[in-house]
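Structure first, then comments.
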Amino acid sequence: GERVEVEADLAIDCRSGWLASESSFGRIFRERHGVRYARGVNLVIDRQLCECAMGFPSSFGREKSRFLFMVPHEGKTMIGTWYLPLRSSPDDASTTEEERHRMMEEIAAGMPGAELSVENIVSQQVGILPCTDYPGAELDEPQPTEAPAVVRGPELGEPDGVWFVQGEKWTTARRTAAA
4 GERVEVEADL AIDCRSGWLA SESSFGRIFR ERHGVRYARG VNLVIDRQLC
54 ECAMGFPSSF GREKSRFLFM VPHEGKTMIG TWYLPLRSSP DDASTTEEER
104 HRMMEEIAAG MPGAELSVEN IVSQQVGILP CTDYPGAELD EPQPTEAPAV
154 VRGPELGEPD GVWFVQGEKW TTARRTAAA
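Numbering follows the numbering used here, with no gaps: position 32 of the sequence shown is 35.
This is the structure in structure tokens:
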């Protein structure tokens, strides 16, 4: 909440979806590109299921298969990523019990020998990201944007030299920086 004066020829605001989805920038991004915001979810399971990062196929509840990733993390395993519609505001980004059950069913279908259930979830990572496609089918997932949005400051009433950038996820940060 503290105000700081910045002296620079260029300032880039790369705030997260939590801020951008409710801001003027989020509104302009939605109006120009038809983008909404989604939740990106990774589950953390109470045991280590692999020695290194790997992917496994899943076609649970889908017409076409996709890959989920698994990464060992401090004696546990992080599995993901699911993209779920943002229910209302970014402050309501948590997953529901029904969503967690569905995610665990998808993991079980892809790794039947792991014998996992919702009780094995010890935490979850949830982020907000822009998406371009917001399917209506229950098991369809929003699709993350392919490219970052870039809005110049004057379009939002900010000084020239201020740029707003909204990207999609960690794995595409380099592409966002290049934009």
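From the three backbone atoms N, C-alpha and C, an ideal C-beta is built for every residue, glycine too.
Among the options, which residue has its Cα nearest to the Cα of residue i?
i    : options               : result
H104 : L89, F63, I131, S68   : F63
E149 : H76, G156, P133, A41  : P133
A41  : W85, V7, A14, P157    : W85
S97  : H76, S120, V129, N123 : V129
E109 : I131, A152, F59       : F59
P88  : T99, I82, H76         : T99
R69  : I15, D94, V121, Q146  : Q146
Q127 : A117, D95, G160, M81  : M81
G83  : L71, L159, A14, E5    : L71
E161 : A14, R6, M73          : A14
N45  : M73, P151, L159       : M73
If you run the structure through DSSP and keep just helix, strand and coil, what is residue i?
i    : result
R103 : helix
P147 : strand
A11  : coil
A41  : strand
A112 : helix
S159 : Note that residue 159 is Leu in the sequence shown here, rather than Ser. Residue state, collapsed to three classes: helix.
Can you say whether residue i is buried or exposed, counting buried as having 16 or more other CB atoms within 10 angstroms of its CB?
i    : result
G43  : buried
L119 : buried
F167 : buried
E144 : buried
M57  : exposed
P115 : exposed
A11  : exposed
What does DSSP give as the partner residues of residue i in its beta bridges?
i    : result
T80  : I48, P75
V168 : V153
R69  : S61
L119 : According to DSSP, which records beta bridges pairwise, L119 is partnered with nothing at all.
Who are the Cβ neighbours of residue i in its own chain at under 7 Å, not counting the five residues just before and after it?
i    : result
K79  : V47, I48, D49, R50, Q51, V125
E102 : L87
E8   : none
Here's a check: name, in chain order, each residue in its chain whose Cβ is nearer than 8 Å to the Cβ of residue i, leaving out the five neighbours to either side.
i    : result
D163 : R155, G156, P157
V121 : E100, R103, H104, M107
N123 : I48, D49, R50, M107
For residue i, which residues of its own chain have a beta-carbon under 6 Å away from its beta-carbon, when the five flanking residues on both sides are left out?
i    : result
E141 : With a pLDDT of only 45 at E141, under 50, the local geometry of the prediction cannot be trusted, and the value read off the model is given with reservation. Excluding residues within five positions, none has a Cβ falling inside 6 Å.
P75  : Q51, C53
A112 : F63
C17  : V168
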